[in-house]
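**Q**
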Amino acid sequence: MPAALPSSKTAYMGLFAVTFLWGISYVLSAYLLRGFSPVLLSFLRILVTGVVLFAISRTQSLQQPTRTEWLLLLASSFFFTLIQQPFYFLGLQYSTAANGSLIYAVAPLVTLLLEAVFFRVRLEGKKLGGALLGFTGVLVIVVPGRSALGVSIGDLYLIIAMLGFSVSLLFIPRLSQKLSAFSVNLYSAFIGGSLMLPLAASESIFSKLEVSRDGIMWALLAAAGLLNVLAGWWWTHGVAVVGAGTASLFNNLPPFIALLAGFLLLGDAIEATQLLGGIIILAGVFISTYSWNKKPAAEVGKSG
75 MPAALPSSKT AYMGLFAVTF LWGISYVLSA YLLRGFSPVL LSFLRILVTG
125 VVLFAISRTQ SLQQPTRTEW LLLLASSFFF TLIQQPFYFL GLQYSTAANG
175 SLIYAVAPLV TLLLEAVFFR VRLEGKKLGG ALLGFTGVLV IVVPGRSALG
225 VSIGDLYLII AMLGFSVSLL FIPRLSQKLS AFSVNLYSAF IGGSLMLPLA
275 ASESIFSKLE VSRDGIMWAL LAAAGLLNVL AGWWWTHGVA VVGAGTASLF
325 NNLPPFIALL AGFLLLGDAI EATQLLGGII ILAGVFISTY SWNKKPAAEV
375 GKSG
């Protein structure tokens, strides 16, 4: 990223980059699930991410967390790793990826409301409007051609996962006041891996543990880990600069990016309605983040 750019512009560029990485990561994860069981795959991705971060830690400035920051890191990792991850994969077993996309499209609205309730961040009309536009765009992408939406136990699991994701975002701005984005991600990977290990072990005891012996699968797993490192770095910095609510608005872009990645990498067809949905999502993000009154960068970069 160009060092001369204001931090808010750099953060927005990073958040856009994250959506591309997450979109590609969704395609990779769907393929990797052919060789690895879900919980094991989550644990291995966190493990690879942690190993990569630890390998480059000597080239980065690390801050020692205080007792309060350790508690915040634990809380963030708890909601993201033990709530979001398991319930997301469990939900997909009893629901559909389309329902998952719709439910996660509500995350920006939930995060904006949580910010307003717990941190008294003012709700801005443009952000609420952008969040609603983004949700509409996801609807346009996933609803056409489906015989029924339905509500299942899997959908309830996905709602819990989405809430875990939204709550986990709220801790990042506080953590980033003194800790660098790299430090937050390194410590989070360590804590998240420790929390996920018992779940991975239980999968081998109570269900069928699947481990691929294909070298290509392991190479793709390593690639997914590298994507996680970059995405986590930019995501943490973006949330710290623009706030959890604003950053969560970018969460609606990955389904559209995943469509493009599937088309380019796997040759999947893209319908006209899906392109329209993607344009609506992009419009929602633009409306939410564009500074219509040309405020100084210092004001645009404030949380929320």
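So the sequence shown is numbered by my numbering: it starts at 75 and just counts up by one. Ideal placement from N, C-alpha and C gives every residue a C-beta, glycine not left out.
#1: Does DSSP classify G289 as helix, strand or coil?
#2: Could you tell me if Q159 is buried or exposed, where buried requires 16 or more neighbouring beta carbons within 10 angstroms of its beta carbon?
#3: Taking the alpha carbon of L89 as the point to measure from, which residue in L334, G211, W309 has its own alpha carbon closest?
#4: So is R141 buried or exposed if we call it buried at 16+ other beta carbons inside 10 Å?
#5: What would DSSP say about Q138, mapped onto helix, strand or coil?
#6: What's the C-alpha gap between Y231 and F154?
#7: Taking the alpha carbon of G266 as the reference point, which residue from K252, L121, I344, V101 has its own alpha carbon closest?
#8: Please report how far the alpha carbon of S268 lies from the alpha carbon of A346, in whole angstroms.
#9: Where do the N-terminal and C-terminal ends of the alpha helix (DSSP H) with N259 fall, by residue?
#10: Check whether the Cβ atoms of G351 and F337 sit closer than 8 angstroms, and answer yes or no.
#11: Is L118 near F128, with beta carbons less than 8 angstroms apart?
#12: Counting Cβ pairs closer than 8 angstroms, one from the region 193-202 and one from the region 272-282, do we hit at least three?
#13: Which term fits G396, buried or exposed, when burial requires 16 or more other beta carbons within 10 angstroms of its beta carbon?
#14: Is there a Cβ from chain C that is less than 8 angstroms from the Cβ of T123?
#15: Ends of the alpha helix (DSSP H) at G228?
#16: Between which two residues does the alpha helix (DSSP H) holding L338 run?
#17: Would you mind sorting G174 into buried or exposed? The rule is 16 or more other CB atoms within 10 Å of its CB.
#18: Are the beta-carbon atoms of V359 and A85 separated by less than 8 angstroms?
#19: Suppose contacts are defined by Cβ-Cβ distances below 8 angstroms. Is L136 in contact with S257 by that definition?
#20: When you compare each of I215, L106, S242 to L146 by their alpha carbons, which one comes out closest?
#21: Using CA atoms only, rank isn't needed, just tell me which of G317, A297, V303, V126 is closest to S103.
#22: Out of L334, F163, L187, V101, which one is the CA nearest neighbour of L323?
#23: Quick one: what's got a C-beta closer than 8 angstroms to I354's C-beta in the same chain, skipping five residues either side?
**A** Short version:
#1: Position 215 of the sequence shown, counting from 1, holds the residue named residue 289. In this structure, G289 counts as helix in the three-state DSSP scheme.
#2: Within the sequence shown, the letter at position 85 stands for residue 159. That one is buried.
#3: Counted from its first residue, the sequence shown places residue 89 at position 15. It is W309.
#4: As a first step, residue 141 is located in the sequence shown; it is residue number 67 there, counting from the start. Using a 10 angstroms sphere on the CB of R141, the tally of other CB atoms stays under 16, which defines it as exposed.
#5: For this step, residue 138 is matched to residue 64 along the sequence shown. Looking at Q138 - three-state DSSP - the assignment turns out to be coil, as it is neither helix nor strand.
#6: Taking the sequence shown and counting its residues from 1, the one referred to as residue 231 is at position 157. Taking the sequence shown and counting its residues from 1, the one referred to as residue 154 is at position 80. Each residue's alpha carbon lies about 14 angstroms from the other.
#7: Residue mapping note: residue 266 aligns to position 192 of the sequence shown, counting from 1. Ranking K252, L121, I344, V101 by Cα distance to G266 puts L121 first.
#8: To locate residue 268, count along the sequence shown from 1; it is residue 194. To locate residue 346, count along the sequence shown from 1; it is residue 272. C-alpha separation (whole angstroms): 44 angstroms.
#9: Against the sequence shown, residue 259 aligns to sequence position 185. 255-280 is the span of the alpha helix (DSSP H), which, as asked, contains N259.
#10: Taking the first residue of the sequence shown as 1, we reach residue 351 at position 277. Taking the first residue of the sequence shown as 1, we reach residue 337 at position 263. In this structure, F337 does not lie closer than 8 angstroms to G351 by Cβ.
#11: Stepping through the sequence shown from its first residue, residue 118 is reached at position 44. Stepping through the sequence shown from its first residue, residue 128 is reached at position 54. Going by C-beta atoms, L118 is not nearer than 8 angstroms to F128.
#12: no
#13: Given a span of 75 to 378 for the chain in the structure shown, any question on residue 396 remains unanswerable.
#14: Given the protein chain composition of this structure (a single chain), no chain C is represented.
#15: For the purposes of this step, residue 228 is taken as residue 154 along the sequence shown, with counting starting at 1. Segment 227-243, the alpha helix (DSSP H) holding G228.
#16: Taking the first residue of the sequence shown as position 1, residue 338 is located at position 264. Segment: none, L338 is in no alpha helix (DSSP H) and carries neither H nor E.
#17: Counting from 1 along the sequence shown, the entry for residue 174 is found at position 100. Answer is buried; the Cβ neighbour count reaches 16.
#18: As a working mapping, residue 359 is identified with position 285 in the sequence shown. As a working mapping, residue 85 is identified with position 11 in the sequence shown. In this structure, A85 does not lie closer than 8 angstroms to V359 by Cβ.
#19: Sequence index remark: in the sequence shown, residue 136 carries index 62 (1-based). Sequence index remark: in the sequence shown, residue 257 carries index 183 (1-based). Result yes, Cβ atoms of L136 and S257 sit closer than 8 angstroms.
#20: Position 72 of the sequence shown, counted from the first residue, corresponds to residue 146. The shortest Cα separation from L146 among I215, L106, S242 belongs to S242.
#21: Position 29 of the sequence shown, counting from 1, holds the residue named residue 103. Here the closest residue by C-alpha is A297.
#22: By 1-based counting over the sequence shown, the position of residue 323 is 249. Here the closest residue by C-alpha is L187.
#23: Mapped onto the sequence shown, residue 354 falls at position 280. Cβ neighbours of I354 beyond the five flanking positions: L207, G208, T210, G211, V214.
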